[in-house]
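Visitor:
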Amino acid sequence: MTAQEGQTYNGGNDVIHKIRAMLERHEGKKYTPYRCTQGFRTIGIGYNFDVNPLPRDIKEYLRANGRITDEMVDRLFTRSLSDAVGACIRQYPQFATFSENRRLALVDFMFNLGPGRVAKFKNTNQAINSGRWADAAEGIRKSLYWKQLGGDPEGTDDGRLERPEEIYKLIKEG
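Numbering (the working numbering), first residue to last: 247 to 420.
1) From 344, 310, 297, pick the residue whose C-alpha is nearest to that of residue 322; which is it?
2) Kindly indicate the opening and closing residues of the beta strand (DSSP E) around residue 361.
3) Are the beta-carbon atoms of residue 269 and residue 291 separated by less than 8 Å?
4) Contact check, residue 408 vs residue 416 under 8 Å by CB: the rounded distance?
5) Can you tell me whether DSSP reads residue 291 as helix, strand or coil?
6) Per DSSP, which residues does residue 280 bridge with? Please list them.
7) Give every residue of the same chain whose Cβ lies closer than 7 Å to the Cβ of residue 252, excluding the five residues on either side of it in the sequence, and list them in chain order.
8) Check whether the Cβ atoms of residue 413 and residue 374 sit closer than 8 Å, and answer yes or no.
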């Protein structure tokens, strides 16, 4: 997160640790490349390097060693997190005033989908920007995102809190 975004976001280290733990739980942490559910080459903590090319030194290290280091995972994560927070600030002008849980959920949502795909959630984004949190949560629940990432069908519960269900709950309950 850049200094300017950090000032606008008002996150603090505890929030950074919480979002990292949440994203690492949802994305996993991989030192070798893999294909995400959408088929993109990914490494580290959900770093999509088909869309965001790897820095030259990391690319060369990966080519030579077949894996990256903890320090490289951290650098890629910091870059991705900064991008996600910046996109949230642009998409949601009142982002800094949202509850911590809602900020965590929206950063996770943005991190996972990217700004282009999040922008397509027009009704959900309008609900978020007007503080209609139950409507925003319902927009998540009724989306393809919900189905693709394992959200339970309406009226059912398998006892596990999958990623979209956690996002739904944090947005709705704040």
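A virtual CB, placed ideally from N, CA and C, is assigned to each residue, including glycine.
Guide: In brief:
1) 297
2) Per DSSP, residue 361 lies in no beta strand (DSSP E); the unbroken alpha helix (DSSP H) holding it starts and ends at 346 to 365.
3) yes
4) The pair is not a contact, with the Cβ atoms about 13 Å apart (cut-off 8 Å).
5) Coil, per DSSP.
6) 288
7) Because residue 252 carries a pLDDT of 41, less than 50, the predicted location of this residue cannot be relied on, and the following value inherits that uncertainty. Once the five neighbours on either side are set aside, residue 252 has no close Cβ partner at all.
8) Contact: no.
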